[in-house]
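So my numbering is basically just the index in the sequence shown, starting at one, shifted up by 9.
Cβ atoms here follow ideal geometry from the backbone N, Cα and C, with glycine treated the same way.
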Amino acid sequence: MSDANNANNEGLIIVSEEACKAVIDRDSAFSAVENVFAAMANGDAYNFPVIREAIGYADALYGFKSGFDRAGKSLGLKSGGYWPGNEAKGLTNHQSTIFLFNPDNGKLRALVGGNYLTAVRTAAASAVSIAHLARADSKVLGMVGAGHQSTFQLRAALEQRSFEKVVAWNGNKDRLKNLQAVAEELGVPFESVDREELCKQADVIITITSAFEPLLMKEWIKPGTHIACMGTDTVGKQEVDAALIASATLFTDEIAQSISLGEAQHAIKAGSIQESDITPIGAVINGDHPGRSHKEEITLFDGTGVGLQDLAVASAAARLAVEKGEAQHVSL
Ligand code: NAD
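In structure tokens, the structure reads:
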């Protein structure tokens, strides 16, 4: 945000959803998320407590995720939530806007559309985990879930290893067409499979569903697999067997979220793991933790989604939008 601050010191910058798409690609999202995970592990960046409430209107969930990254000079919040009736109106169910403030004086500096950025920063998180934790010789990518986030996840993941095949499962098979289209566009063979078969074939698995019960069981996972659990971001949600969590080497974006509302919440509740069993992925990025220690190890990244990821990509979007003439400037 510091460059954006300098570029337009007096006014407010508005970066639309379209402008975000024009200036933020997967590489810039990956770098922003990797850097902020590293800053979190160094103690340079921290998230504030999350607020998320059912507002008792339109079945909506609404809230705030906020934080400060001293290293990247990003201060602000993402405000938004989930409106389940939106899809029928031709809108995305998840709606959000990111507000960035000047950390030197507290002035509002930028309003940045958060819908596209949420998808690319979430995909960047699993991609960062694959880059740092998956076996170098991973060949088959397994996708569990085929909703809005899934194609973003697939594109980012396919760039991390020389994958030769995608296997995928979704409750409603019709939705797999979206994933198949991306795989075909990128020239990677695609197969629709059941969940057990998916685990048999996949070297890397991404789960990105809204499930409230385990979809993948411990005994199905083969040695050496890396799993990125990205769907569980709320108390009660669950994508994998708690016994799998207890047996894997665990990494996360933020431990406080992982144990309370992330995939690790169930194993924590059962007493089969402790907080100290989970490593922030930033420690691997910083070189303070070796990450995968051998090729038979099952590594699991609990990607809960933190406000600092949003601030990181929004700051990059604000800076690039100013540089590329894509930002609107408003005098306050
Ligand atoms: P979506 O509504 O577009 O898709 C939901 C997906 O979950 C679909 O594939 C659907 O078939 C599947 N699903 C729903 N209920 C299920 C069940 N009981 N069992 C198995 N599959 C089920 O949602 P989306 O935008 O793609 O988001 C997917 C999930 O990711 C949501 O839970 C969302 O809250 C979460 N999310 C996490 C982050 C993060 O940073 N970790 C960011 C954004 C979204």
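Near the ligand NAD: residue i beta-carbon under 6 angstroms from a heavy atom
i: His338; result: no
i: Gln158; result: yes
i: Gly85; result: no
i: Ile268; result: no
i: Gly312; result: yes
i: Asn179; result: yes
i: Ile217; result: yes
i: Gly123; result: no
i: Ala190; result: no
i: Thr131; result: yes
i: Ala321; result: no
i: Gly154; result: yes
i: Ala257; result: no
i: Met239; result: yes
i: Ala220; result: yes
i: Asp242; result: yes
Given residue i as reference, the closest of the options once Cα atoms are compared
i: Thr313; options: Ile33, Thr106, Lys82, Gln247; result: Gln247
i: Lys174; options: Leu150, Ala326, Lys304; result: Leu150
i: His275; options: Phe221, Thr101, Val322; result: Phe221
i: Ile64; options: Tyr91, Thr261, Leu185, Ala279; result: Tyr91
i: Val197; options: Ala54, Leu225, Asp34, Leu163; result: Leu163
i: Glu26; options: Gly20, Asp78, Gln104; result: Gln104
i: Leu317; options: Gly20, Gly81, Ala28; result: Gly81
i: Phe46; options: Tyr66, Lys98, Val213, Phe77; result: Phe77
i: Gly180; options: Gly154, Leu195, Ala192, Ser138; result: Gly154
i: Val191; options: Leu207, Phe73, Gln158; result: Gln158
i: Ile23; options: Leu120, Leu309, Ser138, Ala323; result: Leu120
i: Ala321; options: Ala28, Lys87, Phe73; result: Lys87
i: Ile139; options: Phe73, Ser83, Thr216; result: Thr216
i: Glu43; options: Ala136, Ala327, Ala67, Gly99; result: Ala136
i: Ile33; options: Leu341, Leu309, Ala323, Ser75; result: Ala323
i: Ala133; options: Thr101, Gln169, Glu263; result: Gln169
i: Leu142; options: Leu195, Thr131, Gly94, Val213; result: Val213
i: Arg144; options: Ser75, Thr308, Leu207, Ala326; result: Thr308
i: Lys30; options: Ile107, Phe172, Asn95, Gly123; result: Gly123
i: Asp262; options: Ala28, Ala50, Gly99; result: Ala50
i: Leu224; options: Gln210, Ala211, Val249; result: Val249
i: Ala265; options: Gly245, His338, Val315; result: Val315
i: Gly156; options: Thr218, Ala211, Ala251, Glu193; result: Thr218
i: Ala48; options: Gly72, Leu70, Ser83; result: Ser83
i: Asp319; options: Asp53, Ile107, Lys278; result: Ile107
i: Gly280; options: Arg301, Thr234, Glu206, Ala252; result: Ala252
i: His235; options: Ala292, Gly300, Thr131; result: Gly300
i: Phe73; options: Ala67, Arg61, Arg79; result: Arg61
Cβ-heavy atom distance, residue i to the ligand HEM, below 6 angstroms
i: Gln274; result: No copy of the ligand HEM occurs in the structure displayed; its ligands are the ligand NAD alone.
Just checking, does the segment 285–303 make contact with the segment 115–128 on the three C-beta pairs under 8 angstroms criterion? Touching, no.
Within the segment 190–232, note down every full alpha helix (DSSP H) run reaching 4 residues or more, in order along the chain. Qualifying alpha helix (DSSP H) stretches, in chain order: 204–210.
Contact the segment 244–260 vs the segment 222–231: 3+ CB pairs below 8 angstroms: With the rule of 3 Cβ pairs closer than 8 angstroms, the segment 244–260 counts as touching the segment 222–231.
Which runs of the beta strand (DSSP E), 3 residues or longer, sit entirely within the segment 31–109? Listed in chain order, the beta strand (DSSP E) elements of length 3 or more contained wholly in the segment 31–109 are 54–56, 60–63, 70–78, 83–91.
Do the segment 330–341 and the segment 50–69 meet, that is, are 3 or more Cβ pairs less than 8 angstroms apart? When Cβ pairs closer than 8 angstroms are counted between the two stretches, the segment 330–341 is seen not to touch the segment 50–69, the count staying below three.
Say whether the segment 109–118 touches the segment 265–280, bearing in mind that this needs 3 or more beta-carbon pairs closer than 8 angstroms, one atom from each stretch. With the cut-off at 8 angstroms, the segment 109–118 and the segment 265–280 do not touch.
Do the segment 27–41 and the segment 154–169 touch if we need at least three Cβ pairs shorter than 8 angstroms? The segment 27–41 vs the segment 154–169: in contact.
With three or more C-beta pairs closer than 8 angstroms as the rule, is the segment 196–215 touching the segment 174–183? Yes, the segment 174–183 is in contact with the segment 196–215.
Start-end ranges of the alpha helix (DSSP H) lying completely within the segment 110–148, minimum 4 residues: Taking only runs of at least 4 residues, the alpha helix (DSSP H) segments lying wholly in the segment 110–148 are 124–142.
Which whole runs of the alpha helix (DSSP H) in the segment 147–172 are 4 residues long or more, in chain order? The qualifying runs are 159–167.
Three Cβ pairs or more, each shorter than 8 angstroms: is that satisfied between the segment 238–245 and the segment 281–292? No, the segment 238–245 does not touch the segment 281–292.
Can you check the segment 225–313 for any beta strand (DSSP E) of at least 3 residues that lies completely inside it and give the ranges in chain order? 235–238, 247–249, 258–261, 287–289, 308–311, all fully within the segment 225–313.
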